[in-house]
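J.: Below is a structure I'd like to ask you about.
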């Protein structure tokens, strides 16, 4: 409704603006004529809207081709051309305003108002949240700044320092215990390894003794076998020689 009530304002504003521009041009013309020493020719501004647009365009074309230093006629042509073009713009803008549907603008303004209300509500919620956070921070700072809280904070800090000291001592003791346990484990492992090494050396020494006795027995048997082989060789040779002698004697007896 507010948009419709303000609808005719552009139609009144544009002619007023054109009229003011015309008055400004008349004042400028009077100043130029006073400088040239000529009397101004009165022209009624109401006559300008009755000019044809084609005549105004031809006047504008003629004025644009003339030298501005020609005097009052040139200024008058420029003024009329300006008023004709201004009225053409006014008529075009009036036609646009008349074709415009103000209900569309009202709808758009209503939509914008709803969006603004939504944004305003969100901003209010954010402001309330910030206010609540600010109050919480102020309360926290107030509680932290009280004497009892400072005493509690000091006691808590001292307890924390004591806990840290106890943890440091426990860490040192734990490190010492770990070193002791590692040394003991290493000693046990070394002792067990030495015991196993001694036992393995004893078993190996016993095996070496058994092998040595076996080799000694084998060597003695081999010696005995060699002696028996030599004796057998001697006996075989002796028996062979005696047999040859007996054969030789027998053959000799046969061929006598």
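Residue numbers (the UniProt record's numbering): 1 to 256.
Idealized CB from N, CA, C, for every residue including glycine.
None of these values were measured; they are calculated from a predicted model.
1) Run through DSSP, which three-state label would residue 51 get?
2) Would DSSP call residue 140 helix, strand or coil?
3) Look up residue 255 in the DSSP assignment and say whether it is helix, strand or coil.
4) Tell me whether the beta-carbon of residue 149 lies closer than 8 angstroms to the beta-carbon of residue 143.
5) Rounded to a whole number of angstroms, what is the C-alpha to C-alpha distance between residue 75 and residue 81?
6) What number of angstroms, rounded off, separates the C-alpha of residue 236 from the C-alpha of residue 246?
7) Buried or exposed: which applies to residue 126, given that a residue is buried once 16 or more other Cβ atoms fall within 10 Å of its Cβ?
8) Ignoring anything shorter than 3 residues or poking outside the region 162–232, list the beta strand (DSSP E) runs there in chain order.
9) Would you decide whether residue 83 is buried or exposed? Buried here means 16 or more other CB atoms lie within 10 Å of its CB.
T.: In short, the structure shows the following:
1) Counted from its first residue, the chain shown places residue 51 at position 51. Its pLDDT being 41, under 50, residue 51 is placed unreliably by the model, and nothing is read from it.
2) As a position in the chain shown, residue 140 is number 140, starting the count at 1. Helix at residue 140.
3) Your numbering for residue 255 matches position 255 in the chain shown. Residue 255: coil per DSSP, three-state reduction.
4) Along the chain shown, read from residue 1 onward, the residue named residue 149 stands at position 149. Along the chain shown, read from residue 1 onward, the residue named residue 143 stands at position 143. Cβ distance < 8 angstroms, so residue 149 and residue 143 count as in contact.
5) Mapped onto the chain shown, residue 75 falls at position 75. Mapped onto the chain shown, residue 81 falls at position 81. When rounded, the distance between both Cα atoms is 10 angstroms.
6) Here residue 236 is taken as the residue at index 236 of the chain shown, counted from 1. Here residue 246 is taken as the residue at index 246 of the chain shown, counted from 1. Going from the Cα of residue 236 to the Cα of residue 246 covers about 15 angstroms.
7) On the chain shown, position 126 is the one that residue 126 refers to. Its Cβ having fewer than 16 others within 10 Å, residue 126 is exposed.
8) none
9) The sequence position of residue 83 within the chain shown is 83, counting from 1. Classification for residue 83: buried.
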